[in-house]
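Colleague:
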Amino acid sequence: MPAVVYRVSFIAALAGLLFGFDTGIISGALLFIQKTYALTIGTEEMIVGSVLLGAMVGALCCGRLTDFYGRRRMILFVALLFIMGTAIAVLAQSPLQIIGGRLLIGLAIGIGSYSAPLYIAEMVPQEIRGALVSLNQLAITIGIMCSYFINYAFTTTAGSWRWMFAIGFIPAVLLGLGMLFLPESPRWLVMKGQSQKARNILTQLRSPTHVSRELADIEQSLSIKQAGFKAVFARWIRPVLLFGITLGFLQQVVGINTIIYYAPTIFNAAGFHNASSAILATVGIGIVNVLATIFAIYIIDKVGRRPLLLWGIAGMGISLACLSFSFHDHSAMMRWSAFAAIFIYIIAFAVSLGAVMWLMLSEIFPLEVRGTAMSLAVFSNWFWNFAVSSTFLTLVHALGNARTFLMYVVMCGIAFVICYYFAPETKGVSLEHIENNIRKGLPLRLIGVVPAASLQETATDQN
Ligand code: BGC
């Protein structure tokens, strides 16, 4: 494999890392920002929520922008937004300026969470394309883990939130500099009628025998007309669109980001009163999240999406119920059961809704509406992320920890029922089959079913 393929994946994955880092760093930084400015709960929630608000806007416009300006230029723009947003947050003289900087960072995350994986997918050979979708989730969890390490390092050395944000400059600058030296995606160049340029770039990315065939494939796939915005609401697409948007909703309303963003606060409420041990426990969450995601990537194509989703959601519901119960008193036993419950919850999320949602979104939408449908589902994800994490503290204040987490248990129950009845199994089936089944009007649950005739064909081909 030419080295440039690895460079492309590594550099563009920095966008996923920044996604994780910039969403994770806030849980530790918030403790210090509170010392600089006496924050009300509302302002605190805005500081956390501003990134998500920006990401929502980014998710809505990312499809059109990346098609118009090109993948490479958009990722360069993403790096620039990260740098500008970070600079504003680092130098902020008021909570409002922190919110402004974080809004820009959010915009970068929203655009980057779409354009970076797309760029990677278009640059690398198709044999390793599938794995890269899940690698994006891995990059996010690695970013979250790094932010937790930094949160911990700064608590023990009494650092400041400005430095914590400032570390985000490193991956952002690396992303920008790296992208300067990478070529544009050949698929986009062909889309813009620059086939000769596309051929030159493909020559650097593929072995010479593959170049012409791949160019022809690109040209053929581009002949499928990209339908306009309205087509996404066509009757035959509606069930998958609704399911994708619902999956984006479910991934957030089970409460994952109350733990990811507010873990130290939750450990504190569960009886771990020492701030630095609460943040150390959070580092543990970051590490376990990465390891469980690696495990998920390893088994997702063997076990399948449905079993992972159903077992994972059940595990999340049970562990959250235990967590809710353990808030009733602060005895050592309850404290440690809360601790165990949070870790089990994270593992259950990582192997189910964490890895499976992003993968399924990339699998279930027909090609002609893929960009728009993805945008809407990703927007739903960011919208509910914002709704859940910006109301969490208020809910805890009004209802108490036990009852707030009980609400997320109910949401896990709803998620389980929806996935049980509607989630398809898409393991080992081609995207064309899925699209055909949707066209035939098969129920959602069955869109991943391979017709017996094609199974026979495949078997004959292999013999
Ligand atoms: C979710 C994020 C979450 C992360 C945790 C992602 O799949 O979209 O909202 O913070 O997983 O690992």
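End of the sequence shown sits at 462 in numbering that gives the first Met the number 0; the numbers just go up one at a time, nothing left out.
Glycine included, each C-beta is placed from N, C-alpha and C at the ideal position.
1. How is the alpha helix (DSSP H) around GLY177 delimited, first residue to last?
2. Does the CB of THR393 have a neighbour CB from chain C at under 8 Å?
3. Measure the CB-CB distance between PHE248 and SER112 and report whether it falls below 8 Å.
4. ASN384 lies in the alpha helix (DSSP H); which residues open and close that run?
5. With 16 other CB atoms within 10 Å as the buried threshold, where does ALA463 fall?
6. For TYR36, which three-state DSSP category applies?
7. To the nearest angstrom, report how far apart PHE266 and ALA12 are at their CA atoms.
8. Looking at the ligand BGC, does it come within less than 7 Å of TRP357, judged from the CB to the closest heavy atom?
9. Determine the direct distance from the alpha carbon of ILE200 to that of GLY177, and round the result to whole angstroms.
10. Flag this pair as yes or no: are the beta carbons of MET356 and GLN195 separated by less than 8 Å?
11. What does the alpha-carbon distance come out to for the pair SER336 and LEU95?
12. Three-state secondary structure (DSSP) at HIS432?
13. Looking at the structure shown, is GLN271 part of a helix, part of a strand, or coil, going by DSSP?
14. Under a three-way DSSP split, which group does GLY399 fall into?
15. With distances taken Cα to Cα, identify the nearest neighbour of ILE255 among ALA269, ALA347, ALA233 and LEU394.
16. Please tell me whether PHE404 and LEU319 are closer than 8 Å, where the distance is taken between their beta carbons.
17. Below 6 Å CB to CB, which residues in the same chain sit around VAL47 once its five sequence neighbours on both sides are set aside?
18. State the start and end residues of the unbroken alpha helix (DSSP H) segment that holds ARG444.
19. Can you tell me the Cα-Cα spacing of PHE391 and LEU38, whole angstroms?
20. Let's see if you can read the secondary structure: which residues bound the alpha helix (DSSP H) around ASP21?
21. Would you list, in sequence order, the uninterrupted alpha helix (DSSP H) runs of no fewer than 4 residues that lie entirely inside the region 253–339?
22. Just confirm the distance between the C-beta atoms of ARG304 and MET359, as a whole number of angstroms; I'd bet it's less than 8 Å.
23. Considering only residues of the same chain and omitting the five flanking positions on each side of MET333, which have a CB-CB separation below 6 Å?
24. May I ask whether a heavy atom of the ligand BGC can be found less than 7 Å away from the beta carbon of ILE299?
25. May I have the straight-line CA-CA distance separating LEU59 from TYR420, to the nearest angstrom?
26. Which one of GLY100, ALA91 and LEU134 has the shortest CA to CA distance from TYR297?
27. Please classify TRP235 as buried or exposed, where buried requires at least 16 other C-beta atoms within 10 Å of its C-beta.
28. Determine the extent of the alpha helix (DSSP H) in which ARG205 is found, giving its start and end residues.
29. Distance, Cα to Cα, THR457 vs VAL449?
30. Indicate, with yes or no, if the ligand BGC has a heavy atom lying under 7 Å from the CB of ASN273.
31. Assuming contact is defined by CB atoms lying nearer than 8 Å, are GLY27 and ILE341 in contact in what I supplied?
32. According to DSSP, is SER361 helix, strand or coil?
33. Which residue wins for smallest C-alpha separation from SER146, given the options GLY370, PHE20, GLY175 and GLY84?
34. My understanding is that TRP187 touches ARG70, with C-beta atoms under 8 Å, so please give their C-beta distance in whole angstroms.
35. Say the cut is 7 Å; is the CB of ILE255 nearer than that to a heavy atom of the ligand BGC?
Modeller: So, from the listed chains and residues:
1. Here the alpha helix (DSSP H) through GLY177 covers 168–179.
2. Protein chain content of the structure displayed is limited to a single chain, and chain C is not contained in it.
3. No, these two residues do not count as a Cβ contact at 8 Å.
4. Run containing ASN384: 369–388, per the alpha helix (DSSP H) assignment.
5. Residue 463 is absent from the structure shown; the chain starts at 0 and stops at 462.
6. Here TYR36 carries a coil assignment [DSSP, helix/strand/coil].
7. The C-alpha of ALA12 is placed about 31 Å away from the C-alpha of PHE266.
8. Flag set: Cβ of TRP357 near the ligand BGC.
9. The alpha-carbon separation between GLY177 and ILE200 amounts to approximately 17 Å.
10. Not closer than 8 Å, so no.
11. Distance between the alpha carbons of SER336 and LEU95: 39 Å.
12. Helix, per DSSP.
13. The amino acid occupying residue 271 in the given sequence is Phe; Gln does not appear at that position. Three-state DSSP puts PHE271 in coil, outside helix and strand.
14. Looking at GLY399 - three-state DSSP - the assignment turns out to be coil, as it is neither helix nor strand.
15. Nearest in C-alpha terms to ILE255, of all of ALA269, ALA347, ALA233 and LEU394, is ALA347.
16. Taking 8 Å as the cut-off, the Cβ atoms of PHE404 and LEU319 count as close.
17. Result list for VAL47: ILE25, TYR260 and SER388, in chain order.
18. Counting along the chain, ARG444 falls outside any alpha helix (DSSP H), and DSSP gives it neither H nor E.
19. Cα to Cα, the separation comes out at about 16 Å.
20. It spans 2–23 - the alpha helix (DSSP H) in which ASP21 sits, taken as one unbroken run.
21. For the region 253–339, whole alpha helix (DSSP H) runs of length 4 or above, ordered along the chain, are 255–268, 274–302 and 304–325.
22. That belief holds up - the Cβ atoms of ARG304 and MET359 are roughly 6 Å apart, short of 8 Å.
23. Result list for MET333: SER325, in chain order.
24. ILE299: no, Cβ never under 7 Å from the ligand BGC.
25. In a straight line, the C-alpha of LEU59 is about 29 Å away from that of TYR420.
26. The shortest Cα separation from TYR297 among GLY100, ALA91 and LEU134 belongs to LEU134.
27. Label assigned to TRP235: exposed.
28. No alpha helix (DSSP H) holds ARG205; DSSP gives it neither H nor E.
29. Low confidence applies here, because THR457 scores a pLDDT of 49, under 50, leaving its location unreliable; read the following figure in that light. A straight line joining the alpha-carbon of THR457 with that of VAL449 spans about 11 Å.
30. Outside the cutoff, so no.
31. No Cβ-Cβ contact shorter than 8 Å links GLY27 with ILE341.
32. Of the three classes helix, strand and coil, the one that applies to SER361 here is helix, per DSSP.
33. Nearest option by C-alpha distance: PHE20.
34. Contact holds; Cβ gap of about 6 Å.
35. If you check the C-beta of ILE255 against the ligand BGC, you find a heavy atom less than 7 Å away.
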